[in-house]
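See structure below.
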Amino acid sequence: MEFKKPNHIEIIKSKKSNFVNTFLEKMRIERTSASNLAHVDFENLTFGSVFTDHMFVCKYKNEKWQEPEVIPYQPLSFEPSMSVLHYGQSVFEGMKAYKDDEDKVWLFRPDQNFKRINRSSERLQIPVFPENYFFEGLKTLLNLDKDWIKPGIGNSLYVRPFVFSSQACVQASPSKEYTFIIICCPVKAYYGGEVNVLIAEEFSRAADGGIGYTKAAGNYGAQFYPTALAQKQGYQQIVWTDAKSHEFLEEAGTMNIFFRIGDILLTAPTNDRILDGVTRKSVIQIARDSGIEVEVRPIKIGEIVKASENNSLKEMFGSGTAVVINPIKSFGYKGVNYKLPELENPFATQLKDNIMSIQYNLTEDPYGWRVAVD
Ligand code: COI
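Residue numbers are given in this note's numbering: position 92 of the sequence shown equals residue 92, and the series is strictly consecutive.
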């Protein structure tokens with residue numbers, strides 16, 4: 001796979017990173033000569049469809065990661081035999097960068113995304129990515145494109161690191177070449193309207209011993225067909241249940257899922273089928289520290305239906321980097337639609353405010369989750 005050759009090459013000595021102790025000797029940076037920034041309508045962004053001026057690229061060949069570079073965002077050219085197109089060896093991450101009122105840029109628990117992309121890579125037989133490349137790349141890219149990050153709650157830069165097999169070869173075996181890229185897009189809310197979910201009774205997202213816990217591209221692509229069927233019935237997302245019995249509630253589309261019965265918050269434990277969401281674990285911690293009782297245990301659909309019928313089911317919400325926390329209005333199961341009540345001061349709003357206050361540097365961060373990019 002070839003990238004367009006740069007016209008102008010700049011070699012910089014990277015400063016010591018804020019994130020990690022090791023640092024790169026040098027990283028080639030090629031700045032764009034035609035920024036797109038002035039043409040973007042930041043008030044009307046469709047999630048994930050507008051990209052910043054630059055991207056980070058690093059290739060793996062001859063059994064090692066080569067020198068990374070930051071270059072203008074641009075199309076890639078590749079051979080039709082490129083391995084990922086045939087066997088789907090591809091994983092990604094979702095992170096966000098935030099700007100505070102003093103124009104300082106922050107990331108939220110980036111160490112968790114770094115660890116998780118390598119956990120995903122290992123499962124897909126993709127070589128793990130070096131920590132210093134990841135953090136230096138991130139820092140260099142975010143500094144170059146920092147004008148794309150708008151201050152104000154709700155504005156952020158969605159950061160998408162991903163890695164895929166890029167060898168031109170259709171042998172059904174792990175590729176010998178990979179490409180690691182980070183691209184960024186300015187975003188607002190993920191969902192434009194309300195979210196209603198359908199409980200999965202037939203299709204499955206993940207199986208025991210499978211790749212459900214990874215952010216493998218195919219985990220998401222495989223949801224599109226059942227989700228399209230659910231959308232025809234008026235639901236925006238599916239709540240995935242365990243593949244064996246379809247009784248235990250696991251994940252909702254791109255989100256982890258929480259239920260509130262009475263004043264207790266419930267969520268499923270992570271395992272090899274469920275994504276270890278960064279927002280999910282932050283919600284659990286913040287909820288517990290604010291005095292909310294949280295039970296992390298298998299949750300049966302029967303229990304949720306019963307709670308809805310006796311009015312003790314107060315809330316359902318999804319959590320994830322893209323959505324942060326998204327309340328769920330109703331759920332469908334066995335042809336019945338169960339509505340969630342409208343509450344004055346739901347846990348979802350309180351927890352979202354707490355988490356966003358940390359992310360946007362509006363409050364103390366007792367956990368050390370907020371990381372400055374400078
Ligand atoms: C996330 O929220 O972290 C995601 O990965 C969402 C993405 C699939 C759009």
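Think of the CB as a built atom: it goes at the ideal place given N, C-alpha and C, for glycine as much as any other residue.
Spatial distance of residue i from residue j (CA atoms)
| i | j | result |
| --- | --- | --- |
| Cys184 | Asn311 | 43 Å |
| Val128 | Ser121 | 6 Å |
| Leu275 | Asn113 | 12 Å |
| Phe19 | Arg370 | Low confidence applies to Phe19: its pLDDT is 46, below 50, so where it sits in the model is not reliable, and the reading given next is rough at best. Their Cα atoms are separated by approximately 11 Å. |
| Phe135 | Lys115 | 12 Å |
| Glu67 | Leu249 | 44 Å |
| Asn361 | Ile153 | 10 Å |
| Asn376 | Asn62 | Nothing in the structure corresponds to residue 376, since the chain is present only between 1 and 374. |
| Glu201 | Gly332 | 10 Å |
| Gly221 | Gly209 | 19 Å |
| Arg297 | Phe42 | 41 Å |
| Arg205 | Pro269 | 16 Å |
| Tyr235 | Gly192 | 14 Å |
| Gly94 | Val50 | 15 Å |
| Gly368 | Lys339 | 38 Å |
| His39 | Tyr73 | 15 Å |
| Ile299 | Asn143 | 43 Å |
| Glu194 | Asn326 | 9 Å |
Whole-number beta carbon distance between residue j and residue i, since they are thought to touch under 8 Å
| i | j | result |
| --- | --- | --- |
| Trp148 | Leu157 | 6 Å |
| Ser319 | Arg280 | 5 Å |
| Arg188 | Asn155 | The question names Arg, but residue 188 in the sequence shown is Lys. Between Asn155 and Lys188 the Cβ distance is about 6 Å, and since that is below 8 Å, they are a contact. |
| Glu247 | Ile301 | 6 Å |
| Pro130 | Trp65 | 6 Å |
| Arg260 | Phe347 | 6 Å |
| Thr393 | Lys96 | For residue 393 there is no data in the structure shown, the boundaries of the chain being 1 and 374. |
| Ile126 | Tyr178 | 6 Å |
| Val170 | Ser245 | In fact, because the Cβ distance is near 38 Å, the residues do not count as touching under 8 Å. |
Proximity below 9 Å, CB of residue i to CB of residue j
| i | j | result |
| --- | --- | --- |
| Thr375 | Tyr190 | An answer regarding residue 375 cannot be provided, because it is not within the stretch 1 to 374 covered by the chain. |
| Gln237 | Ala252 | yes |
| Gly48 | Arg160 | yes |
| Ile182 | Leu141 | yes |
| Ala207 | Arg273 | yes |
| Ser330 | Asn196 | yes |
| Val324 | Trp106 | no |
| Gln376 | Tyr98 | Because the chain in this structure spans residues 1 to 374, residue 376 falls outside the shown range and cannot be described. |
| Pro174 | Asp100 | no |
| Glu79 | Ala168 | yes |
| Ser290 | Phe108 | no |
| Ile328 | Phe317 | yes |
| Phe203 | Tyr60 | no |
Nonlocal neighbours in the same chain, by C-beta distance under 6 Å from residue i, ignoring five residues either side
| i | result |
| --- | --- |
| Ser357 | Thr363 |
| Pro366 | none |
| Thr52 | Asp145, Trp148 and Cys184 |
| Gly262 | Ser312 |
| Glu293 | Ile264 |
| Asn354 | Ile286 |
| Val84 | Ser90, Phe164 and Ser165 |
| Asp103 | none |
Residues bridged to residue i [DSSP beta-bridge criterion]
| i | result |
| --- | --- |
| Asn196 | Ser330 |
| Ile325 | Ser319 |
| Glu69 | Arg28 and Val57 |
| Lys64 | Lys61 |
| Asn256 | Glu251 and Ser319 |
| Gln237 | Val197 |
| Ser90 | Phe164 |
| Ile286 | BP columns for Ile286 are empty, so no partner. |
| Trp148 | Its beta-bridge partners do not exist; DSSP assigns none. |
| Cys184 | Val159 |
| Leu265 | Arg260 and Val294 |
| Asn345 | Partner(s): none; Asn345 has no beta bridge. |
| Met356 | Looking at the DSSP assignment, Met356 forms no beta bridge with any residue, so it has no partner. |
Close beta carbons around residue i, own chain, < 7 Å, minus the five adjacent residues each side
| i | result |
| --- | --- |
| Asn21 | Reliability fails at Asn21, whose pLDDT of 36 lies under 50, so the model's placement of it is uncertain and the value that follows must be treated cautiously. Excluding residues within five positions, none has a Cβ falling inside 7 Å. |
| Leu45 | Pro186, Val187 and Lys188 |
| Thr227 | Gln237, Ile238 and Gly253 |
| Pro341 | Lys314 |
| Asn118 | Val128 and Phe129 |
8 Å Cβ shell around residue i - same chain, five flanking residues per side excluded
| i | result |
| --- | --- |
| Leu124 | Gln89, Ser90, Val91, Ile211, Thr214 and Ala216 |
| Glu69 | Met27, Arg28, Ile29, Glu30, Phe56, Val57 and Cys58 |
| Ser35 | Asp53 |
| Arg288 | Val294 |
| Lys352 | Val324 and Ile325 |
Any C-beta of chain C under 9 Å from that of residue i
| i | result |
| --- | --- |
| Asn271 | Absent from the structure is chain C; it holds one protein chain and no more. |
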